[in-house]
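In numbering that gives the first Met the number 0, the protein residues as written are 0 to 460. Just so you know, even glycine gets a beta-carbon here, dropped at the ideal spot from N, CA and C. All figures in this text were calculated on a predicted structure; none of them were measured in a lab. Have a look at the structure below before the remarks.
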Amino acid sequence: MRKFLKIAAGAGLVMILCLLAVLRPVDDTPYFLADSFQETIARLDSLSQNLNVHSGRIEVGMAKASLLPQTSSLTRKGAATQQAGVPLAGYGDRQSAPATNVHDSLFAKAIAVRVGGRTNVLVSLEALIVPVEIADAVAARANDLLGLERGDILFSATHTHSGIGAWGEGWLAEQFAGGYNPAIRAWLVEQTVLSISSAVADLQPGKFGHASFHAPAYVKNRLVGELGRVNDIFDLAIFRQSDGDLAVLGSYAAHATVLSAQNMAFSGDYPGYWYRAIERQVPGMAVFFAGSVGSHGPVTANRDFEEARQLGEALADSVLAHLPYVEMHDSIFTATLTLPVTLPELQVRATSSIRVHPVLAGQMMRPGRIFLQAFRFGDLLWLSTPCDFSGELALDLKNAANVQGRQLLISSFNGGYIGYLVPGKYYHYRSYESRIMSWFGPAMGDYFMHLSRRMLAVVTR
Numbered sequence: 000m001r002k003f004l005k006i007a008a009g010a011g012l013v014m015i016l017c018l019l020a021v022l023r024p025v026d027d028t029p030y031f032l033a034d035s036f037q038e039t040i041a042r043l044d045s046l047s048q049n050l051n052v053h054s055g056r057i058e059v060g061m062a063k064a065s066l067l068p069q070t071s072s073l074t075r076k077g078a079a080t081q082q083a084g085v086p087l088a089g090y091g092d093r094q095s096a097p098a099t100n101v102h103d104s105l106f107a108k109a110i111a112v113r114v115g116g117r118t119n120v121l122v123s124l125e126a127l128i129v130p131v132e133i134a135d136a137v138a139a140r141a142n143d144l145l146g147l148e149r150g151d152i153l154f155s156a157t158h159t160h161s162g163i164g165a166w167g168e169g170w171l172a173e174q175f176a177g178g179y180n181p182a183i184r185a186w187l188v189e190q191t192v193l194s195i196s197s198a199v200a201d202l203q204p205g206k207f208g209h210a211s212f213h214a215p216a217y218v219k220n221r222l223v224g225e226l227g228r229v230n231d232i233f234d235l236a237i238f239r240q241s242d243g244d245l246a247v248l249g250s251y252a253a254h255a256t257v258l259s260a261q262n263m264a265f266s267g268d269y270p271g272y273w274y275r276a277i278e279r280q281v282p283g284m285a286v287f288f289a290g291s292v293g294s295h296g297p298v299t300a301n302r303d304f305e306e307a308r309q310l311g312e313a314l315a316d317s318v319l320a321h322l323p324y325v326e327m328h329d330s331i332f333t334a335t336l337t338l339p340v341t342l343p344e345l346q347v348r349a350t351s352s353i354r355v356h357p358v359l360a361g362q363m364m365r366p367g368r369i370f371l372q373a374f375r376f377g378d379l380l381w382l383s384t385p386c387d388f389s390g391e392l393a394l395d396l397k398n399a400a401n402v403q404g405r406q407l408l409i410s411s412f413n414g415g416y417i418g419y420l421v422p423g424k425y426y427h428y429r430s431y432e433s434r435i436m437s438w439f440g441p442a443m444g445d446y447f448m449h450l451s452r453r454m455l456a457v458v459t460r
């Protein structure tokens with residue numbers, strides 16, 4: 000018996016030591032005392048001295064390219080059909096199951112904007128996110144082909160949870176997007192580059208305008224319900240070419256999750272219905288950018304295609320009603336600022352106050368290079384973020400811009416992914432967004448809000 004107790008005690012001690020080796024308490028150090036903040040602020044101060052500022056007449060180009068695999072060479076060996084073997088990205092509950100069919104087409108869409116000789120390209124993929132590996136590869140190709148720098152490209156995604164998967168390596172990516180297939184990643188890069196190069200080739204004299212309106216009937220705070228605030232603003236930017244074609248850009252905070260994990264068909268969800276309804280009524284192209292989708296979901300009941308159609312087309316009707324009243328300008332002022340952000344230590348949690356050792360956490364997720372971007376097009380400000388940016392945090396920034404007489408559009412998924420950015424008051428709330436998907440500690444929201452305010456001040460000075 001004594002021998003057994005000694006063995007049990009020894010085993011218990013070993014287990015405790017192992018737990019101590021892999022677990023740490025959550026670090027609640029104020030963000031402004033962290034080395035990551037000091038490094039990033041020093042970088043921001045330097046970049047602010049050489050801001051890309053241009054003014055003059057605007058040129059506009061637009062293009063799109065398919066994001067659906069068209070040949071069996073993109074599928075895994077032994078695939079019976081063109082789409083067989085290609086998983087959907089969005090819900091872990093699908094467990095990497097392959098898509099069964101195509102419900103509606105998916106595209107990479109690009110709007111090229113040239114002012115004062117400087118070209119910027121606004122790119123949105125009908126996909127869950129823009130993975131860092133794809134953004135980096137696209138930026139490198141765009142630099143080789145067109146001379147564009149990484150800071151000239153503003154990436155985003157519609158955040159459909161029924162888009163193409165298999166693009167990511169590593170445990171986390173494969174949980175949401177299925178097993179990695181390098182041919183799929185190469186296809187996505189190729190098609191995104193095609194949309195960018197075609198948009199630049201399409202540049203011609205044009206005009207620009209912007210507007211916004213409230214659409215409270217279709218979005219809710221999915222984190223805390225009525226206890227939280229809701230960003231119900233639909234942001235709208237219009238680019239008109241001299242030949243009359245329009246690029247209608249829309250952004251909204253509701254997650255593209257009308258369709259549930261039960262859906263196994265490729266689909267753009269409600270943003271797809273939105274842009275198709277616009278394109279039936281106006282010449283040109285409509286492009287959707289996921290807004291501050293953190294904590295924000297669509298108002299749904301049945302979570303089916305009919306509900307996605309109703310939501311998308313209702314928003315499209317509102318956009319079409321506003322189009323005739325958007326004031327257009329043929330000359331504008333632009334400013335762009337792209338900030339590489341030094342991230343704090345990973346704090347992936349096991350409990351509310353206990354985190355996994357950052358080395359171990361780093362084996363599960365690989366954020367890669369992370370950027371925060373601030374753009375200015377006339378009186379439209381644009382903050383481009385690498386996360387599910389909280390709609391509640393967005394309201395504070397949008398209200399501050401509104402006081403200055405400017406409109407602020409905030410988009411998510413700009414070519415890197417660091418999880419959900421939520422207000423610090425929710426950090427210890429036990430939920431998917433605030434517990435499982437908040438990876439960098441309780442001060443991360445405050446850190447990014449500080450950077451965002453500073454960057455927006457720079458591009459408006």
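V458 to P270 span [Cα, whole Å] | 29 Å
Is the region 115-127 in contact with the region 138-153, if contact means three or more CB pairs nearer than 8 Å?
-> yes
Are at least three pairs of beta-carbons, each pair with one atom in the region 351-371 and one in the region 165-177, less than 8 Å apart?
-> yes
Helix, strand or coil for A539, going by three-state DSSP, please let me know.
-> The structure shown does not extend to residue 539, since the chain is modelled only from 0 to 460, so the question has no answer here.
Who pairs with L87 in a beta bridge, going by DSSP?
-> I163
Nearest candidate by alpha-carbon position, reference T335, set L310, M327, T159 and F370 | F370
Note the first and the last residue of the continuous beta strand (DSSP E) segment covering L258.
-> Taken as a continuous stretch (DSSP letters only), L258 belongs to no beta strand (DSSP E), as it is neither H nor E.
Would you mind giving the Cβ-Cβ distance between L105 and L67, rounded to the nearest angstrom? I have them listed as a contact below 8 Å.
-> 5 Å
How many whole angstroms separate the CB atoms of H158 and A264, which I take to be in contact at a CB cut-off of 8 Å?
-> About 17 Å separates the two Cβ atoms, so there is no contact after all.
In terms of residue numbering, what span does the beta strand (DSSP E) encompassing L144 cover?
-> From DSSP, L144 is part of no beta strand (DSSP E) but of the alpha helix (DSSP H) over V131 to L145.
Report all residues from its chain with a CB closer than 7 Å to the CB of Y426; omit the five preceding and five following residues, and keep chain order.
-> S433, S437 and P441
Applying the criterion that 16 or more other CB atoms from any shown protein chain within 10 Å of the CB defines a buried residue, is S266 buried or exposed?
-> buried
Please state whether DSSP places V188 in a helix, a strand or coil.
-> helix
Short check: CB of D201 to CB of M327, under 7 Å?
-> no
Report yes if the CB atom of P130 is closer than 7 Å to the CB atom of G167, and no otherwise.
-> yes
Could you name the residues that DSSP lists as bridge partners for R348?
-> R354
Check whether the Cβ atoms of A109 and S194 sit closer than 7 Å, and answer yes or no.
-> yes
In DSSP terms, what Y419 is bridged to = D387
From what residue to what residue does the beta strand (DSSP E) around M284 run?
-> G283 to A289
Would the region 183-199 and the region 280-298 be scored as touching if the rule is three or more Cβ pairs under 8 Å?
-> no
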